[in-house]
Amino acid sequence: MNTVVNAEGFSQKDAEEKGFAIDSSVELAELQACLEHPRVSICASSFADGRVFTLARQLRADGFAGVIRVCCDLLPDQFAMALRSGIDEVEISEAHANRCKEPVWLARADQRSIHYQGRLGRRDPAGFQAND
Numbered sequence: 000m001n002t003v004v005n006a007e008g009f010s011q012k013d014a015e016e017k018g019f020a021i022d023s024s025v026e027l028a029e030l031q032a033c034l035e036h037p038r039v040s041i042c043a044s045s046f047a048d049g050r051v052f053t054l055a056r057q058l059r060a061d062g063f064a065g066v067i068r069v070c071c072d073l074l075p076d077q078f079a080m081a082l083r084s085g086i087d088e089v090e091i092s093e094a095h096a097n098r099c100k101e102p103v104w105l106a107r108a109d110q111r112s113i114h115y116q117g118r119l120g121r122r123d124p125a126g127f128q129a130n131d
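Residue 17 in numbering that gives the first Met the number 0 sits at position 18 of the sequence shown; the count goes up by one each step and never skips.
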């Protein structure tokens, strides 16, 4: 059974609630179809597919206010950027959840305010908002 990770930790109960599913290869122009759904899942085959961050960011810029889930074994180190990009939750495999324990994910969720742009005097990088 897959595990859903959000800023509060692990959950199995929501793993079946995928909502409207799109692939990470979808064109940005095709995202309008997602706006009428309360939940969107962006599916990718690898944690290295950075398009999930772009798609989530674009959905938020287009006014999507629902839940955005990424279905992919993201690394805990990517979790802070996922949250800052507008992603609410990440669905990971059971094996990945066993390798990357809940406390590691929660520690990374707490790092949303850490970014390199802070050295330039910016509070948060342009266009990114924390999901508080």
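Think of the CB as a built atom: it goes at the ideal place given N, C-alpha and C, for glycine as much as any other residue.
What is the rounded straight-line gap between the Cα of residue i and the Cα of residue j?
i, j, result
"S23", "S44", "9 Å"
"R107", "D61", "27 Å"
"E101", "P75", "9 Å"
"F63", "R98", "32 Å"
"S84", "D48", "14 Å"
"N5", "I86", "9 Å"
"L27", "Q57", "7 Å"
"A79", "E16", "23 Å"
"K12", "A96", "15 Å"
"A125", "R50", "Reliability fails at A125, whose pLDDT of 44 lies under 50, so the model's placement of it is uncertain and the value that follows must be treated cautiously. Distance between the alpha carbons of A125 and R50 is about 18 Å."
"N1", "L105", "18 Å"
"V103", "R59", "26 Å"
Does the distance from the C-beta atom of residue i to that of residue j stay below 8 Å?
i, j, result
"E88", "V3", "yes"
"I91", "D72", "yes"
"G65", "V39", "yes"
"A81", "F52", "yes"
"G18", "H36", "yes"
Let me know if residue i comes out buried or exposed under the rule of 16 or more other beta-carbons within 10 Å of its beta-carbon.
i, result
"Q77", "buried"
"C33", "buried"
Hey, quick one: how far does the beta strand (DSSP E) through residue i stretch, first residue to last?
i, result
"E88", "E88 to I91"
"C42", "R38 to C42"
Considering only the alpha carbon of each residue, which of the options lies closest to residue i?
i, options, result
"L30", "G49, A79, A55 and V103", "A55"
"C42", "R83, E7 and R68", "R68"
"A20", "C70, S10 and N1", "C70"
For the alpha helix (DSSP H) containing residue i, list its first residue and its last residue.
i, result
"V103", "E101 to A108"
"A79", "F78 to R83"
"F52", "R50 to A60"
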